[in-house]
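Quick note: the sequence shown uses the UniProt record's numbering, first residue 1, plus one each step.
The C-beta atom is built at its ideal place from N, Cα and C for all residues, glycine as well.
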Amino acid sequence: MCCTRTVDTAGTVGIMKLNGVGIWSSPLRYGDPGEAAEAASELDQLGFTALWIPDVGGPVLDAVENLLGATRQAVIATGILNMWMHEPDDVAAAHARLTEEYGPRFLLGLGISHAPLIDANEPGRYRKPLATTKAFLDGLDGAAQPVPTDARVLAALGPKMLALAAERSRGAHPYLVTPEHTAIARSALGDGPLLAPEQTVILTGDREEARAIGTKWLRGYLSMPNYANNLRRLGFSEDDLDSVSDRLFDAIIAWGDESAVLARIDDHRAAGADHVCVQVLQADQRAIPREQWRRLAEALA
1 MCCTRTVDTA
11 GTVGIMKLNG
21 VGIWSSPLRY
31 GDPGEAAEAA
41 SELDQLGFTA
51 LWIPDVGGPV
61 LDAVENLLGA
71 TRQAVIATGI
81 LNMWMHEPDD
91 VAAAHARLTE
101 EYGPRFLLGL
111 GISHAPLIDA
121 NEPGRYRKPL
131 ATTKAFLDGL
141 DGAAQPVPTD
151 ARVLAALGPK
161 MLALAAERSR
171 GAHPYLVTPE
181 HTAIARSALG
191 DGPLLAPEQT
201 VILTGDREEA
211 RAIGTKWLRG
221 YLSMPNYANN
231 LRRLGFSEDD
241 LDSVSDRLFD
251 AIIAWGDESA
261 VLARIDDHRA
271 AGADHVCVQV
281 LQADQRAIPR
291 EQWRRLAEAL
301 A
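Written out as structure tokens, the structure is:
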């Protein structure tokens with residue numbers, strides 16, 4: 001059996017027991033809240049151990065509560081909460097309230113985002129990402145109801161942020177990475193911290209179809225310096241990045257049938273991941289890919 005999913009005998013996985021396979025989904029964050037809640041309930045019943053949602057502005061904590069209310073076992077995680085768009089005191093208060101109401105199922109993923117996004121409306125605002133992250137963590141620690149270290153993770157790619165993740169959080173949630181990066185991250189974190197990489201997948205065996213779905217999506221991320229620099233560290237060339245080469249595409253996106261996806265999940269697990277966050281892409285990226293999620297759940301069973 002590939003990637004066994006474990007459910008806590010008390011009825012909740014909980015952030016301290018996070019393992020197996022989760023779902024990373026923009027539609028669960030930005031789609032219709034009622035449809036998102038219905039889909040989250042099904043994902044919970046299918047056995048996925050966590051649901052991860054992004055944040056590029058707006059009431060992300062409302063979305064977290066919507067998903068917590070729709071589920072009973074799965075961890076609900078931000079992947080990530082953008083530190084430039086929130087105040088530590090507000091985040092800490094919300095985390096405390098949601099944890100009291102729903103139990104230890106809210107994992108606060110934090111990220112420093114990207115200069116092109118943050119500077120778009122206020123040039124020069126994005127600076128000193130490591131120091132800014134430390135200051136935000138200080139704010140969470142100093143809040144009236146602090147967020148426990150074990151209830152938060154960092155979006156860490158490079159060595160300095162990985163070291164900070166190991167020191168001041170439960171672990172790391174690297175995005176847009178390969179199993180080779182997972183091995184590097186595990187070495188940097190050591191044996192104890194949580195390592196939960198994101199893995200994008202496209203369920204088609206047709207390369208042209210996979211490219212039609214994924215190339216533009218991937219190119220958007222490659223325009224962000226943090227991701228591009230991380231891929232350079234992994235050995236990808238400027239030509240790979242500029243052309244979105246087959247080598248790069250295949251390394252970042254697992255495309256094919258369910259067996260191809262399971263093989264990539266296994267690669268991350270073998271490299272040291274505790275939990276793998278699977279993001280399913282389809283032609284309409286605003287739609288909730290419930291059929292694909294069902295296929296993955298059946299393959300994982």
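**Prompt:** Buried or exposed: Asn230, going by 16 or more other Cβ atoms within 10 Å of its Cβ?
**Reply:** Locating residue 230 in the sequence shown gives position 230, counting from the first residue. Flag for Asn230 reads buried.
**Asked** What is the DSSP secondary structure of Thr200, counted as helix, strand or coil?
**Response** As a first step, residue 200 is located in the sequence shown; it is residue number 200 there, counting from the start. Thr200: strand per DSSP, three-state reduction.
**Prompt:** Can the beta-carbon of Thr78 be found closer than 8 Å to that of Gly109?
**Reply:** Taking the sequence shown and counting its residues from 1, the one referred to as residue 78 is at position 78. Taking the sequence shown and counting its residues from 1, the one referred to as residue 109 is at position 109. It is a contact, given that the beta carbons lie within the stated cut-off.
**Asked** Closest to Gln292 by CA distance: which of Ala273, His268, Gly256 and Ala270 is it?
**Response** Counted from its first residue, the sequence shown places residue 292 at position 292. The option with the nearest alpha carbon to Gln292 is Gly256.
**Prompt:** By Cβ distance, which residues of its chain are closer than 6 Å to Phe236, with the 5 residues on each side in sequence left out?
**Reply:** As a working mapping, residue 236 is identified with position 236 in the sequence shown. Closer than 6 Å at the Cβ level, and outside the excluded window around Phe236, lie Leu248.
**Alpha-carbon spacing of Leu194 relative to Arg152, whole angstroms** = For the purposes of this step, residue 194 is taken as residue 194 along the sequence shown, with counting starting at 1. For the purposes of this step, residue 152 is taken as residue 152 along the sequence shown, with counting starting at 1. Cα-Cα distance, rounded: 10 Å.
**Prompt:** Arg264 by DSSP, collapsed to three states: which one?
**Reply:** Numbered from 1 along the sequence shown, position 264 holds the residue referred to as residue 264. Reduced to three states, the DSSP call for Arg264 is helix.
**Asked** What residue does the alpha helix (DSSP H) around Thr182 start on, and which one ends it?
**Response** What you label residue 182 is simply residue 182 of the sequence shown in a count that begins at 1. First-last of the alpha helix (DSSP H) with Thr182: Pro179 to Leu189.
**Item:** Classification of Val147 by the beta-carbon crowding that lies within 10 angstroms, buried from 16 upward
**Value:** Position 147 of the sequence shown holds residue 147. Classification for Val147: buried.
**Prompt:** If we ignore side chains and look at the alpha-carbon of each, how far apart do Pro129 and Ala92 end up?
**Reply:** Taking the sequence shown and counting its residues from 1, one reaches residue 129 at position 129. Taking the sequence shown and counting its residues from 1, one reaches residue 92 at position 92. In a straight line, the C-alpha of Pro129 is about 20 Å away from that of Ala92.
**Item:** Per-residue burial, Arg286 [other beta carbons within 10 Å of its own, 16 or more giving buried]
**Value:** Residue 286 sits at position 286 when you count from the first residue of the sequence shown. So Arg286 ends up on the exposed side.
**Request:** Please check the pair Leu28 and Leu67, which I expect to be a contact at CB under 8 Å, by giving their CB distance rounded to whole angstroms.
**Result:** Indexing the sequence shown from 1 puts residue 28 at position 28. Indexing the sequence shown from 1 puts residue 67 at position 67. Indeed, because the Cβ distance is near 6 Å, the residues count as touching under 8 Å.
**Message:** Would you call the region 261 to 271 in contact with the region 196 to 204, where contact means no fewer than 3 C-beta pairs closer than 8 Å?
**Reply:** yes
**Asked** Of all the alpha helix (DSSP H) runs that stay within the bounds of the region 137 to 181, which reach a length of 4 or more residues?
**Response** Every unbroken stretch of the alpha helix (DSSP H) spanning 4 or more residues and falling wholly within the region 137 to 181 is given here in chain order: 159 to 168.
**Prompt:** For Met16, does the count of other Cβ atoms within 10 angstroms reach 16, so buried, or fall short, so exposed?
**Reply:** As a position in the sequence shown, residue 16 is number 16, starting the count at 1. By the neighbour-count rule (16 or more Cβ atoms within 10 Å), Met16 is not buried but exposed.
**Request:** Within its chain, find whatever has a CB closer than 8 Å to the CB of Gly214; leave out the 5 residues flanking it on each side and keep chain order.
**Result:** The residue you call residue 214 lines up with position 214 of the sequence shown. Excluding residues within five positions, the ones whose Cβ falls inside 8 Å are Thr200, Ile202, Phe249, Ile253, Trp255 and Leu281.
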